[in-house]
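Going by the numbering used here, the residue at position 10 of the sequence shown is 271; the numbering climbs one at a time, nothing skipped.
Take a look at the structure set out below.
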Amino acid sequence: MSKPDFFAHLDDGFFRMIVEALNHEIFICDANGKILYLNPASEYLTGRKKENIVGKNIRELSLDGTISHSVTTQVMETHRICTLIQRVSSGKDPLIVGVPIFNEENEMTYILSSAQDIEEVNHLNNELMWKNEELQRK
């Protein structure tokens with residue numbers, strides 16, 4: 262007996278609700294770097310409104326100082342998954358993973374980038390190191 266496909270009964274609204282609820286930034290560009298979609302977490306990380314970003318080319322965000330460098334451009338050049346830590350104009354340093362999406366003809370059609378602010382992770386790591394040092398002194 263085969264298992265039912267969980268996604269078969271879900272509509273696009275369900276996926277939009279999930280993506281928009283994530284605290285990870287989701288950025289979707291076409292293969293040329295045109296920004297097609299970003300979720301609310303992107304606004305938090307970049308400090309810029311969605312309306313001011315969607316439709317631009319990702320290279321424009323590097324040129325205007327919104328981002329230091331782009332994982333999307335790395336994926337555009339390599340056609341491979343790329344990871345980097347980026348500096349954004351809001352002062353945050355998110356960890357970003359860019360993933361190429363290919364069609365049936367193996368042509369890259371989209372680039373999905375997911376980012377998470379690692380400030381809290383760094384803060385917790387520093388706190389843990391401080392506690393460990395404190396324990397060692399006792």
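Even for Gly, the Cβ is constructed at its ideal location relative to N, Cα and C.
Pick from the options that is closest to residue i, judged by C-alpha positions
i	options	result
isoleucine 357	Glu365, Ile372, Glu394 and Gly274	Ile372
methionine 337	Ala292, Glu395, Asn300 and Leu283	Ala292
histidine 330	Thr370, Gln347, Gly316 and Ile342	Gln347
histidine 285	Asn364, Ile362 and Pro301	Pro301
threonine 334	Glu394, Ser374, Ser303 and Leu396	Ser374
threonine 339	Ile362, Glu321, Val349 and Ile289	Ile362
valine 349	Leu322, Glu368, Cys343 and Asn367	Leu322
glycine 326	Ile342, Gly352, Arg341 and Trp391	Gly352
valine 360	Phe288, Asn393, Asn386 and Glu380	Phe288
glycine 316	Tyr298, Glu304 and Leu345	Tyr298
Local Cβ density within 10 Å of residue i, reported as buried at 16 or more and exposed below that
i	result
phenylalanine 276	exposed
aspartate 378	buried
glycine 308	exposed
valine 382	exposed
alanine 376	buried
Contact check, residue i vs residue j, beta carbons under 8 Å
i	j	result
isoleucine 296	isoleucine 279	no
isoleucine 328	glycine 294	no
proline 355	leucine 324	no
DSSP beta-bridge partners of residue i
i	result
phenylalanine 363	Met369
lysine 399	None; lysine 399 has no bridge partner.
aspartate 421	Within the shown structure, residues of the chain are numbered from 262 to 399, placing residue 421 beyond reach of any answer.
tyrosine 298	Ile289
isoleucine 357	Leu345 and Ala376
asparagine 318	Lys295
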